[in-house]
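Enquirer: Start counting the sequence shown at 1; every next residue gets the next number (my numbering).
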Amino acid sequence: MTDDLETRKRRAAYRAHHRGTKEMDVLVGRYADDRLPGYSDAEIARFERFLTIPDPSLQQWIFSGEGFSGIEFEDLVNDIRAFHGLGPATS
């Protein structure tokens with residue numbers, strides 16, 4: 001049996017708030033709180049894949065705006081950066 005969409009959203013929000021580093025908990029968690037309620041099944045699936053990326057990679061992409069050009073999550077990283085007012089990416 002597959003989980004319903006609301007259950008998957010709650011799990012994704014929990015995982016976003018419990019990344020492993022306080023900085024990423026705040027950045028990804030607050031973004032998830034704002035965006036997840038409106039996500040479709042496909043968007044949740046993509047965000048779930050995004051959450052499997054190790055913190056060092058996410059931290060580099062989000063803080064520096066470098067190293068994520070051409071990846072599946074490029075627009076998601078750019079949206080997280082914009083959500084937190086971190087400016088345009090340099091990659």
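C-beta: ideal position from N, C-alpha, C; glycine also.
Spell out a yes or no on whether the segment 37 to 54 and the segment 6 to 13 are touching, meaning 3 or more CB-CB pairs, one atom from each, closer than 8 Å.
Expert: yes
Enquirer: For Met1, which three-state DSSP category applies?
Expert: Within the sequence shown, numbered from 1, the residue matching residue 1 stands at position 1. In this prediction, Met1 has a pLDDT of 47, which is less than 50 and means its spatial position is unreliable; what the coordinates show is noted afterwards. DSSP places Met1 in coil when its eight states are reduced to three.
Enquirer: Are Ile53 and Ile80 touching if we call contact CB-CB under 8 Å?
Expert: On the sequence shown, residue 53 is found 53 positions in, with the first residue counted as 1. On the sequence shown, residue 80 is found 80 positions in, with the first residue counted as 1. Their beta carbons are not under 8 Å apart, which means Ile53 does not touch Ile80 by this criterion.
Enquirer: Tell me, to the nearest whole angstrom, how far the beta carbon of Leu27 is from that of Ala13; I am working on the premise that it is less than 8 Å.
Expert: Here residue 27 refers to the residue found at position 27 when the sequence shown is read from its first residue. Here residue 13 refers to the residue found at position 13 when the sequence shown is read from its first residue. Leu27 to Ala13, Cβ: 14 Å. No contact.
Enquirer: By how many angstroms is the C-alpha of Ala16 removed from the C-alpha of Gly29?
Expert: In the sequence shown, residue 29 corresponds to position 29, counting from 1. In the sequence shown, residue 16 corresponds to position 16, counting from 1. Computed Cα separation, rounded: 5 Å.
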